[in-house]
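Engineer: Letter by letter, the sequence shown follows residues 56 to 155 in my numbering.
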Amino acid sequence: GHNVVPESGEWGHEEIAGPETTYSHTFEEAASFEYVCEPHAGAGMVGSVTVGSGGGGGSSTVLPSSAKAIGVAATAAMMSTLGLAYFFIRYGGDYEQPGE
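(1) Quick one: grab the DSSP three-state call for H80.
(2) According to DSSP, is E89 helix, strand or coil?
(3) What three-state label does DSSP hand V127 in the structure shown?
(4) Check this for me: beta carbons of E84 and V59, under 9 Å apart or not?
(5) Identify which residue in V91, P94 and G67 has its Cα closest to the Cα of H80.
(6) Measure from the alpha carbon of Y90 to the alpha carbon of each residue in V127, E62 and Y146, then state which is nearest.
(7) Could you tell me which residues DSSP pairs with H57 in its beta bridges?
(8) Report the rounded CA-to-CA distance for F88 versus A129, giving the unit in angstroms.
(9) Which same chain residues, not among the five before or five after V101, have their C-beta less than 6 Å away from its C-beta?
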């Protein structure tokens with residue numbers, strides 16, 4: 056089995072029985088909290104929870120300007136290709152052969 060044992064503090068949990076077992080804890084202060092799984096500490100099963108100050112607030116995804124530029128360039132390339140295809144279909148291919 057596994058457990059969550061803090062290196063300092065009173066927020067740990069007894070043995071975690073199975074794969075569907077969950078454990079949660081609400082930290083009340085901003086700090087880093089180190090923990091270890093006692094049976095597997097020798098195998099490196101350790102971790103840390105870092106709690107920041109302030110409200111979580113929502114985050115927004117920002118699209119990098121390079122991705123926008125690639126999108127604009129790809130759109131322009133597709134439109135140019137479609138425009139040329141239309142032009143060649145509409146006006147091309149109907150040439151008179153010399154001597155006919």
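The C-beta atom is built at its ideal place from N, Cα and C for all residues, glycine as well.
Structural biologist: To lay it out plainly:
(1) coil
(2) strand
(3) helix
(4) no
(5) From the listed residues V91, P94 and G67, the smallest Cα separation to H80 is found for G67.
(6) The candidate whose alpha carbon is nearest that of Y90 is E62.
(7) I71
(8) When rounded, the distance between both Cα atoms is 47 Å.
(9) V91
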